[in-house]
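Just below is one structure, and these are the notes that go with it.
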Amino acid sequence: MEALPYIFLLACACFVYQADGRRTYSDMFPHKHALAGKFPFPIPPIPGWDPDTNPWDDYLYPPLNPKPKELMHRRGKPKVRLTSDSPALNGSCISFTAKLEYPPCQKEDASGNLVWDDHCEDANGQVRSGYVYNWTSWLDDYGFGKCTDMTKCNVFPDGKPFPQSNDWRRKSYVYVWHTMGQYYETCDGSSSSLTINTTSIPLGADVMEIMVYRKRERRKYSPLTTDNTVFYVTDKIPVVVNISQRAAVNESKNVFFRGEDVVFKVQLHDPSGYLKTAAAIDYIWDFRDGNQLVTHREVTTHTYSSLGSMSVKLVVEAAFPVECPPAASTTTPRSFTPLPPTVPPSTSRPFPRSSPSATTGSPTTEPLPPTVASGTPEAGPATPASLLKRRLNSNGCFRYAYGTFMGNITIIEPKHALNTQPNSRIVDVSAARVTKTDITFLVKCLGSIPTSACTIVSDPSCTQVRNIMCDDVPPLAACEVHLRRTFLEPGTYCVNITLEDSSSMALASTTVTINKSQDTPVSKTSHTAEVVLSSSAVLVAVFAFIAYLVYKRYRVYRPIRRSLVEDACGHAGVGGPMVRLREALFPSSEESRHLLTERRPL
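Reading the sequence shown from the start, the letters are residues -21 to -1, 1 to 581 in mature numbering (1 follows the signal peptide of the UniProt record, and there is no 0).
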């Protein structure tokens, strides 16, 4: 009997241990959903989702350790990136996408296995090949139809079996989604997506979490990675307005010119296409210069005639058809019902809209209805307190959703004021012959006085440039420019004349023909050739005369008996041949040695 208290305490301890050791889905995710004012739980229920109070099989799906030993490997591990297309208008659908990002040089093959990229070098300059993770190796033992024990394989953490599909072999990852105290689980490949309808979801921000497990042999699933993102559900239509102007030079600061069209392009954030179900969408503009506009178009233009800063306001109104309430619960309608600044869009019976009046050049627009005085002061730019619910001309009921935009723009004077002088323009070009080589061009222009003038002389087809010359134009009282150019050869020329100042440029073309019958200008090149030829002729004549005198002076005299004398001299010693060679090379007059040649040898 003394041991009974100890046994009881031991049993209580075991019970507490088992109770504390039992994990739920809520325990597996770090974000805890606030349950204040939420009853019954969970609120709101998402179709197809389960409450996170369900138990989690932590033996089959162990928790994600911040530093698990099996994942602390040099090869790295994939990471998941969770994104959404929020903000979402209440009633529309919001989509989430979880995509795995593999480490460098790793990719997924056609079977869903993680393999090394054969065409990628790692940080050490090595190329690896083969499997990084091969999950298909255990399909023979644990694939569909092979494993019949649902407590060991092909089940989710809550014990539900995997859904069977034709492409189940490519779905090697288990994705567990968690938000607002509920969870959703699915099998997928390297990416997974889901869509939630926001009709019953409370307005505001919340957190979506994702946990990814990888299928593994030996009746276990390995925790891989986790991520989370914040999404927003709002009753305001998300609106973005792009303001531009063709002549604007500083659109980034919304500075535009007066007297020119400013383009307002509206972009509604509606990725799910929910606004396409609206019966009508109106764009209500207040340009803050006394002009207002209601249109059905997303693009609007407006011209400002005054200078200064303007605060442009836009209200987008969308009417969605809904079921009308019972006739007993409706009250006598009034022509206009002010929209409360903080109450969500309501449902009411429609009233005829004010008849539209066509405006010039914009058949799809109508003026704003007359405003009704309201005791409620105007709230911020995102609160349409002074708006009136305009009813469609039908017997149905509608729910109205609004979106607002307000932006500041600055209107300045155009770059060129109205009293400035216009750009120069050539109106007439005339040519006159001044001398044998010079042609004068008279260029008449309108506008500003040019500061420089250039001529480009080309062939008749205006393709091959032969000469380019530019001159500075002195200040003139009238826009007339005189240019003098020289043409050395006859022919037809294409002359392009350009007048330029600091802000503009004018261009004109004309044709000039120089005929051969005219006094052709003498080219400097031909004159130089004539001088060279005449000088050469004189030099040739002088050298010819000198050569004649030399020849006449040193001409060789050959008497009749010269051969006998040379024969006699040929036997007069050893120097005879040298003498004959010298006489042949340097002949001399025989008259100077006539008496010597008549001497007979002793």
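Idealized CB from N, CA, C, for every residue including glycine.
- Within the segment 413 to 488, the beta strand (DSSP E) runs of at least 3 residues that lie entirely inside it are, in chain order, 417 to 425, 431 to 437, 444 to 451, 459 to 465 and 470 to 479.
- When only Cα atoms are considered, Cys303 and Cys376 end up about 5 Å apart.
- Counting along the chain, Asp6 sits inside the alpha helix (DSSP H) bounded by residues Tyr4 to Met7.
- The three-state secondary structure of Leu203, taken from DSSP, is strand.
- In the three-state reduction of the DSSP assignment, Glu188 falls in the strand class, which pools E and B.
- Distance from the CA atom of Lys139 to the CA atom of Asp37, rounded to whole angstroms, is 14 Å.
- Here the segment 404 to 420 lies against the segment 468 to 484, with 3 or more beta-carbon pairs under 8 Å apart.
- At a Cβ-Cβ threshold of 7 Å, Arg464 and Ile428 do not count as neighbours.
- In this structure, the alpha-carbon of Thr62 lies about 14 Å from that of Pro250.
- Following the DSSP letters along the chain, one finds Ala297 inside the beta strand (DSSP E) bounded by residues Gly287 to Val301.
- Taking the Cα positions, Glu100 is about 13 Å away from Lys86.
- Under the three-state reduction of DSSP output, Arg404 falls in the strand class.
- Taken through DSSP and simplified to helix, strand or coil, Phe75 comes out as strand.
- Contact between Met187 and Leu43 is absent: CB atoms are separated by about 17 Å, not below the 8 Å threshold.
- Put simply, of Val228, Pro300, Asp64 and Tyr192 the residue whose alpha carbon is nearest the alpha carbon of Asn374 is Pro300.
- Taking all protein chains shown into account, Asn387 has fewer than 16 neighbouring C-beta atoms within 10 Å of its C-beta and is therefore exposed.
- Under the criterion of beta carbons closer than 8 Å, Asp268 and Tyr162 do not qualify as touching, at roughly 54 Å.
- Sequence-distant partners of Asp240 (beyond 5 residues in either direction) whose C-beta falls short of 6 Å from its own C-beta, in its chain, are Thr280 and Thr282.
- Where His281 is concerned, the enclosing beta strand (DSSP E) starts and stops at Val278 to Thr282.
- Leu93 and Gly109 have their C-alpha atoms spaced approximately 9 Å apart.
- Taking C-beta atoms under 8 Å as the contact rule, Ser90 and Arg148 qualify, at a distance of about 7 Å.
- In this model, Ser65 and Val209 are separated by some 9 Å (Cα to Cα).
- Taken through DSSP and simplified to helix, strand or coil, Leu43 comes out as coil.
- Residue state for Arg193 is assigned as strand, using DSSP reduced to three classes.
- In the three-state reduction of the DSSP assignment, Ile25 falls in the coil class, being assigned neither a helical nor a strand state.
- With a cutoff of 7 Å on beta-carbon distance, Thr389 and Ser481 are scored as not near each other.
- As computed with DSSP, Gln246 is found in a beta bridge with Val219.
- With fewer than 16 other Cβ atoms inside 10 Å of its own Cβ, Ile525 counts as exposed.
- Assignment of beta-bridge partners to Lys86 by DSSP yields Val94.
- Look at Tyr152 here: in three-state DSSP terms it is strand.
- Per DSSP, the unbroken beta strand (DSSP E) holding Val273 starts and ends at Gln271 to Thr274.
- In this model, Phe75 and Leu173 are separated by some 6 Å (Cα to Cα).
- Looking from the CA of Pro9, the closest CA among Val111, Thr158, Tyr81 and Asn145 belongs to Thr158.
- Secondary structure note for Val234: its beta strand (DSSP E) is the uninterrupted segment Val234 to Phe236.
- With fewer than 16 other CB atoms across the displayed protein chains lying within 10 angstroms of its CB, Tyr530 is exposed.
- If you look at Arg60, you'll find it in the beta strand (DSSP E) that goes Lys58 to Ser63.
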